[in-house]
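Same order as they appear, the protein sequences are chains A and B. So in this note's numbering, the last spot in the first sequence is 850, and the numbers never skip. So in this note's numbering, the last spot in the second sequence is 169, and the numbers never skip. For each residue, glycine too, the CB sits at the ideal point set by N, CA and C. Okay, structure first, notes after.
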Amino acid sequence: TVGAVAVDSMGNVASGTSTGGITAKRPGRVGDTPLVGCGGYADNEVGGVSTTGHGEGIIKVCLARHITFLMEQGLSAQEASEKALENMYNKVGSSGGVIVISKDGGVGQYFTTDKMARGWAKDGQIYWGVAMDD
Amino acid sequence: MNTPVIAVHGGAWAIPENMIADTKLGIQDALRAGYQVLQSGGTALEAVQAAIIKMEDDPNFDAGNGSVLTYDGDVEMDSMIMDGSTMKAGSVGCVNSIANPIKLATLVMEKTDHVLLVGEGANKFAKEMGVPRVEIESLVSPHAKEEWERKTVGHD
């Protein structure tokens, strides 16, 4: 699965996610990716999210919308990412990862899997990593 | 004026050691593509699309070219895009003959009153919109084929 979230100079937020699914999945199975609020979400008044991981778990907790809900309650992009993924793991036993940008440009990224390929660009600098400690 | 920012991911899973270097390069390419759009005054929507197209075209990622295979050995891709300025969204599920599902999801958002089109209906919509059809084999990477032959079950 791949995803992107952006905030432009006018303060517009967008998010996108795309996937080939799961190896050897049952034909016709659809995961979280194309479901609004699960595989991604964007709202200019809050921020944007793109998710990856165990699709069925992400659907059950509406992961992307949950993260923006937590941000509406005052949590930062990073705090909301961590809280929502830990909640998903504890409630439905599913692992995954997210990238998040708040409306004011704060970046959040977190994963409960072994690794997550991710990166962000801001103020002319590019950051990226794969392992937890990258 | 806001400071433009973009973030990307290429999947959360047990990425094998022999794929890490290429995965990092792919992430950098996607970031540069999206950030360049933002720095030249493009919209967040255009930046997201540009970054995702880069990764859909890169066989190291499970999307577009590089998609994993179903139990039957077919390709079924899902994609979604959302515009936070209008709350409009478009998505597709189980499409199989196009190179960039994110472009088709964008067309669903822009050209229809719907949010999600799936399967044959989505493929038919792609044809109506003039999206070039590609051979399914062109979307299958050697890695995806090897994994399917081992029937290794992963996740999205």
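- [ ] Given a cut-off of 8 Å, decide if A:GLY812 and A:ALA793 are closer than it, judged by their beta-carbon atoms.
- [x] Within the first sequence, numbered from 1, the residue matching residue 793 of chain A stands at position 77. Within the first sequence, numbered from 1, the residue matching residue 812 of chain A stands at position 96. Cβ atoms of A:ALA793 and A:GLY812: not closer than 8 Å.
TODO: Could you give the DSSP three-state label for B:GLY39: helix, strand or coil?
DONE: As a position in the second sequence, residue 39 of chain B is number 26, starting the count at 1. Three-state DSSP puts B:GLY39 in a helix.
- [ ] Check the Cβ-Cβ distances between A:GLY755 and every residue of chain B, and say whether any is below 8 Å.
- [x] Working through the first sequence from its first residue, we reach residue 755 of chain A at position 39. True, the Cβ-Cβ gap to chain B drops below 8 Å.
Task: Straight-line Cα distance separating B:ARG45 from B:ALA102 - done: Sequence index remark: in the second sequence, residue 102 of chain B carries index 89 (1-based). Sequence index remark: in the second sequence, residue 45 of chain B carries index 32 (1-based). Approximately 24 Å between the Cα atoms of the pair.
Task: Cross-strand partners of A:ARG834 (DSSP beta bridge) - done: Mapped onto the first sequence, residue 834 of chain A falls at position 118. A:ARG834 is bridged to A:GLY845, B:HIS22.
- [ ] Return the CA-CA distance between A:GLY747 and A:TYR757, expressed in angstroms with no decimal places.
- [x] On the first sequence, position 31 is the one that residue 747 of chain A refers to. On the first sequence, position 41 is the one that residue 757 of chain A refers to. The alpha-carbon atoms of A:GLY747 and A:TYR757 are separated by roughly 15 Å.
Task: Secondary structure of A:GLN825, DSSP reduced to three states - done: Numbered from 1 along the first sequence, position 109 holds the residue referred to as residue 825 of chain A. If DSSP states are grouped into helix, strand and coil, A:GLN825 belongs with the strands.
Open item on the list: Going by C-alpha to C-alpha distance, which of A:LYS807, A:HIS782, A:TRP836 sits closest to A:GLU795?
Closed with: For the purposes of this step, residue 795 of chain A is identified with residue 79 of the first sequence, where counting begins at 1. It is A:HIS782.
Open item on the list: What does the alpha-carbon distance come out to for the pair B:VAL105 and B:VAL121?
Closed with: Position 92 of the second sequence holds residue 105 of chain B. Position 108 of the second sequence holds residue 121 of chain B. The alpha-carbon atoms of B:VAL105 and B:VAL121 are separated by roughly 8 Å.
Open item on the list: According to DSSP, simplified to helix, strand and coil, what is A:SER797?
Closed with: By one-based count along the first sequence, residue 797 of chain A stands at place 81. In the structure shown, A:SER797 sits in a helix (DSSP, three-state: H, G or I).
Open item on the list: Against chain A, does B:ASN15 count as a neighbour if the rule is that its beta carbon must be under 8 Å from one of theirs?
Closed with: Your numbering for residue 15 of chain B matches position 2 in the second sequence. It does: the Cβ of B:ASN15 has a partner Cβ on chain A nearer than 8 Å.
Open item on the list: Which residues of the segment 833-847 of chain A have a Cβ closer than 7 Å to any Cβ of chain B? Give them in chain order.
Closed with: ALA833, ARG834, GLY835, TRP836, ALA837, LYS838, ASP839, ILE842, TRP844, VAL846
Open item on the list: If I measure Cβ to Cβ from B:GLY55 and keep anything under 6 Å in the same chain, skipping five residues before and after, which residues do I get?
Closed with: What you label residue 55 of chain B is simply residue 42 of the second sequence in a count that begins at 1. Once the five neighbours on either side are set aside, B:GLY55 has no close Cβ partner at all.
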